[in-house]
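A short write-up of the structure that comes next.
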Amino acid sequence: MFLKTCGNTHEICWDPCQVLQTDDFVLQFREMVYLTEMHKITILQMTGYGNRTRTQAEVVCLFQEKYPELPPISQGTVSKTEKHFRERGHVRQLKKHPPNKLSDDQKLDVMLLLEENPHTSSRQTASALDISHSSILRVLTENQKHPYKLVPTNELVEDDFDRQILFCEQIMQMIDDNTLQIENVFG
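If you count the sequence shown from 1, you need to add 803 to reach the numbering used here.
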């Protein structure tokens with residue numbers, strides 16, 4: 804069953820071949836239909852090819868007449884089946900590959916490389932070891948390491964305190980001599 808809105812009325816379609824009119828709002832419910840490979844081939848045969856093609860609504864009605872024991876399919880199912888056939892050349896379900904698991908040796912290689920050169924970025928590590936960037940980040944997370952971007956800053960040395968005092972004295976002297984222009988400092 805699906806809901807179609809036209810102006811002020813809602814059409815409740817229990818069967819794409821039969822339409823009922825109502826003014827009441829009805830929630831949309833759809834049953835998931837898992838079609839076999841044979842059902843998908845039948846949909847393609849019903850669709851036709853070249854100059855002898857049927858509309859998706861006609862295919863839905865024909866499919867429902869042929870397989871009344873199955874829940875009704877939608878025009879979207881017909882559209883997706885056609886699209887997948889055009890893209891892949893078949894209607895078989897694609898196998899889903901499990902996520903790549905890194906071996907313990909690969910995880911160790913990642914950690915050793917980062918121990919040797921901790922300033923290497925995670926992307927450089929990924930390309931050096933031929934492992935995906937997301938896998939590198941996963942290994943770092945598992946080992947409670949946090950990748951960060953190194954930002955060079957000035958480090959403090961022993962005579963920094965003396966330099967700060969000297970700088971402050973020079974600024975104070977310039978203020979006293981009235982040679983410091985505040986606009987140049989803050990402008």
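Yeah, the Cβ is synthetic: ideal placement off N, Cα and C, and Gly gets one too. A quick note: this is a predicted structure, and the numbers were derived from the prediction, not measured.
Taking residue i as the reference, give the member of the options with the closest Cα.
i, options, result
"R941", "L865, E919, K904", "K904"
"Y837", "L865, V894, E861", "V894"
"G892", "P921, L943, Q927, L847", "L847"
"F888", "L916, R966, Y852, S937", "Y852"
"E945", "I974, I934, K910", "K910"
"L865", "T850, N854, R855", "T850"
"G879", "H936, Q867, A860", "A860"
How many whole angstroms separate the CB atoms of residue i and residue j, which I take to be in contact at a CB cut-off of 8 Å?
i, j, result
"S925", "P950", "5 Å"
"S877", "V863", "7 Å"
"L932", "V913", "6 Å"
"M977", "L969", "That pair is no contact at about 13 Å."
"T928", "L916", "6 Å"
So what's residue i in DSSP terms, helix, strand or just coil?
i, result
"T944", "helix"
"G851", "strand"
"T858", "coil"
"V960", "coil"
"I934", "coil"
"H842", "helix"
"T928", "helix"
"E872", "coil"
"L865", "helix"
"L969", "helix"
"Q976", "helix"
Starting from residue i, follow the alpha helix (DSSP H) in both directions and report where the run begins and ends.
i, result
"K886", "878 to 891"
"K898", "Unbroken run through K898: none, as it is neither H nor E."
"E918", "907 to 919"
Contact between the region 838 to 846 and the region 873 to 887: three or more CB pairs below 8 Å? A contact is defined here as three or more CB-CB pairs under 8 Å, and the region 838 to 846 meets this definition with respect to the region 873 to 887.
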